[in-house]
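Every number in our numbering is 15 more than the matching position in the sequence shown, counting from 1.
Structure, as structure tokens:
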Amino acid sequence: MERMSSARDRYFMRNALNISLRGIGNTCPNPSVGAVIVKNNQIISRGWTQPGGVPHAEILALKKRNFSGATLYTTLEPCSHYGRTPPCVDQIIKSKIKRVVIGLKDPNPKVNGKGIDKLRKKRIKISVGILQNEIKKIHSSFFHKIKKKRPFVSPKIAVSRNGKMINENKKWVTSKDSRVYGNFLRAKFDAVITGINTIIEDNPLLNCRQPNMQNLSPTRFILDSKLKIKENFKIVKTAKNIKTYVFTNTNNKKKIIKLKKYGMIIKFLDQNEEKINLKKVLYEIGKMGFINVLLEAGPNLNAAFLKNNLINKIYYFKSNEIIESNIIPSEKTLDTKNIERLKFKLSSYRNIGNDVLRIYEK
């Protein structure tokens, strides 16, 4: 397999990589792939994975044009199997593309080199590994899902200068700028998880409220072992507009019937367990096809995910405010020193208004 990395290849692959970012958070169960087609050193077509994962980037880029003699750049190996769509490699072969440049081989067992082999058998030139480290980072959540069979989980944690996540005065912990950024984050995730205590205390919508981005709101998952959720909560009233699931251990049939009328989807786990089994929840969410999950919850649930080694990346907002109350044990678990002890490394750092956002990754 040819491994080339000319400046020309890197330039066009970077174009493919950049447009792949447009789909992140909206393409599950597929990864967000970018593709560009080049002829005579000019980009003549491009595509990225569309919402819900179809059509694939390559199919969109190859639509309605003759590409005889052109080169296709794609961030991930084209698929070679029938799923919800026919194989991308078949369309590439029909289009008379002469060369395919691939960022990374697809680790999905259904693909994993088969697409490359099929193209090579048709005497299409193949180059693999262009910008592979950058592309691997972008697709890290997809690779994690393939390997672990559960989604990539990223909590959004907001703390005061003295380490408090809960403000008894019902005031915001962080600035408006941080809250806007945090709301924007939702558009980049397939789903959001929260606990019933957060629903009871804050009555949130957990949607994306940025202009022209409401349709990018993630699917909502609520962990509610005792089925305490009430019909008058905002998240219940909007369940017909935004897909919403409740994981519970309580088989209260009357209440479940009422919640279903609002569009809620109830996932019954195990009434023999007092608490929600977090690993079970993530495997169930993984089976549904979700890749990226944002955890928006209080300190107890965040600490439980951290204790069970179920967190992959952390968005850690720290404000300049002091909140006058005692720090509880779960808040201590979530301080930066403990996070670093758990082998998370600071990957980036930026100021947002008067706050600081630190991003930790393993």
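In this text, a Cβ means the ideal position worked out from N, Cα and C, and glycines have one as well.
- Judged by their CB atoms, A31 and V51 are nearer to each other than the 7 Å cut-off.
- It is roughly 20 Å from the alpha-carbon of K276 to the alpha-carbon of S240.
- Within the same chain, S345 come within 6 Å of N315 by CB-CB distance, once the 5 residues on both sides are set aside.
- At a Cβ-Cβ threshold of 7 Å, F262 and N218 do not count as neighbours.
- Per DSSP, V261 is not a residue of any alpha helix (DSSP H); the beta strand (DSSP E) it occupies stretches across T259 to T263.
- For F305 and F158, the gap between their C-alpha atoms comes out near 12 Å.
- Listed in chain order, the non-local C-beta contacts of F199 below 7 Å within the same chain comprise Q225, local neighbours out to five positions each way being set aside.
- Sequence-distant partners of N177 (beyond 5 residues in either direction) whose C-beta falls short of 7 Å from its own C-beta, in its chain, are I337 and I338.
- Measuring C-alpha to C-alpha distances from D285 to each of I272, L274, G278 and N267 identifies N267 as the nearest.
- If you draw a straight line from the Cα of N81 to the Cα of V53, it is about 12 Å long.
- Pairing L75 with Q65, the inter-Cα distance amounts to about 9 Å.
- For V308 against D205, the beta-carbon gap comes to about 7 Å, under 8 Å, which counts as contact.
- In the DSSP assignment, G62 forms a beta bridge with A50.
- Shown here, V126 sits in coil according to DSSP, grouped into three states, outside any helix or strand.
- According to the DSSP assignment, K333 belongs to no alpha helix (DSSP H) but to the beta strand (DSSP E) extending over K328 to K333.
- Closest option to F332, judged by alpha-carbon separation, among I107, I354, E183 and S175: S175.
- The segment 147 to 163 makes contact with the segment 115 to 124, as at least three CB pairs between them are under 8 Å.
- Counting along the chain, L32 sits inside the alpha helix (DSSP H) bounded by residues A22 to S35.
- In the structure shown, R373 adopts extended strand secondary structure according to DSSP, grouped into three states.
- In this structure, D105 is the residue among D105, Y26, A173 and G144 with its C-alpha nearest to the C-alpha of L134.
- The segment 64 to 114 contains, as complete alpha helix (DSSP H) runs of 4+ residues, the segments 72 to 76 and 103 to 109 (chain order).
- Spanning the alpha carbons of N335 and V188 requires a straight line of approximately 9 Å.
- Runs of the beta strand (DSSP E) spanning 3 or more residues and lying entirely within the segment 206 to 278 occur at 206 to 210, 234 to 238 and 259 to 263, in chain order.
- Between the C-alpha atoms of K273 and N182 there is a straight-line separation of about 33 Å.
- Contact annotation: V143 and I117 have beta-carbon atoms nearer than 7 Å.
- Taking C-alpha positions only, C223 is separated from L310 by approximately 14 Å.
- Burial is judged here by how many other beta carbons sit within 10 angstroms of a residue's own beta carbon; I215 has fewer than 16 and is exposed.
- For S363 and P46, the gap between their C-alpha atoms comes out near 23 Å.
- In this model, F359 and T348 are separated by some 13 Å (Cα to Cα).
- Residue pairing by DSSP puts L309 in a beta bridge opposite S169 and V207.
- Take C103, set aside five residues on each side of it, and the residues of its chain with a beta-carbon closer than 8 Å to its own are H71, E73, I74, P93, C94, S95 and G130, in chain order.
- No Cβ-Cβ contact shorter than 7 Å links W63 with R25.
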